[in-house]
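Here the structure comes first, spelled out in structure tokens, and everything after it is commentary.
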Amino acid sequence: MSDGITRRDALGRVVRGTVLLGLGSTAGFLINKAEGQVVWQVDTSRCVNSRLGEAGAEVCMLCTTQCVVAQSAVRAINSFRDCGRCYVCPAYYNIRSAVDERGLPSEKLCPRDAIRRTPIGFVDPEDPANNFYEYVIEEEKCDGCGLCVKACREPLGLGSIVLKVRHNLCVDCNRCAISIACPHDALFQHKVADALEPTLARQPQP
Ligand code: SF4
Ligand code: SF4
Ligand code: SF4
């Protein structure tokens, strides 16, 4: 890379900017609910779409189908900190589809086209496979179906995409309909003040 700027330097700048943006979004997210208010959340270590050791299990779409909110209050989010910024992201591309002239899968995985792919850092047009890519979930399109979450698990992905209850969409049912339906007891309640509970704290983009 020219001008004495290494690819690592360039990525570092982008990541720092992304984390700052993510922290700003997190603050905005938290003030949507009063401190001390009890809210529902998905425990990503229990959700069958994201937890480790679930090879071969079918994707679970109950967060989409059971929520009382139209299109669901559960959406996928991508933790940029954990994302590998892959050239061929298995959550973005349907990696079983035919390969096109660029050597990329010809179909996307998301049925709602809710994931945006953007090259970040200094782009080498001669070698696109050597660039980094940012994958952003467009939440207004997402319905929390979990397909991308399941595809982003190891060994193909790094598990950076998870499902989360979006508290600006959730109507705080006394008994969350998803929690009743979830076969893995993955919905739990916590106070908004518990903002640093692990499954939230790892998300730079709420
Ligand atoms: S219902 Fe439970 S297992 Fe199914 S997607 Fe929702 S949290 Fe995951
Ligand atoms: S959860 Fe489903 S709708 Fe949302 S981004 Fe992933 S694949 Fe698309
Ligand atoms: S509490 Fe109600 S609105 Fe919120 S995620 Fe559960 S079912 Fe959906």
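Residue numbers are given in this note's numbering: position 9 of the sequence shown equals residue 9, and the series is strictly consecutive.
The beta carbon of each residue, even a glycine, is placed where N, CA and C say it ideally should be.
Keep in mind that this is a model prediction, so the values were computed, not measured.
In chain order, Leu52 place their CB closer than 8 Å to the CB of Glu154, counting only its own chain and leaving out the 5 sequence neighbours on each side. Residue environment analysis places Ala129 among the exposed positions, since fewer than 16 neighbouring C-beta atoms fall within 10 angstroms of its C-beta. With a cut-off of 7 Å, the C-beta of Val74 is classified as near ligand 3, since at least one heavy atom of the ligand falls inside that distance. Gly84 and Asn78 have their alpha carbons spaced roughly 11 Å apart. Ligand 1 approaches Val42 closely enough that one of its heavy atoms is under 7 Å from the residue's Cβ. Straight-line measurement puts the Cα of Glu126 at about 42 Å from the Cα of Asp43.
For the pair Asn168 and Ala70, the Cα-to-Cα distance works out to about 13 Å. In this structure, Ile180 keeps its C-beta atom at 8 Å or more from the C-beta atom of Ala76. Beta bridge pairing from DSSP links Thr118 with Glu134. In this structure, Ala91 lies near Leu109, with their beta-carbon atoms less than 8 Å apart. Set against 7 Å, the gap from the CB of Cys86 to the closest heavy atom of ligand 2 is not smaller. Cys170 has its CB nearer than 7 Å to a heavy atom of ligand 3. Each residue's CA atom was taken as its position, placing Gly36 and Gln189 some 12 Å apart. If you check the C-beta of Arg112 against ligand 2, you find a heavy atom less than 7 Å away. Cβ atoms of Ile137 and Leu62 stay farther apart than 8 Å, at about 19 Å.
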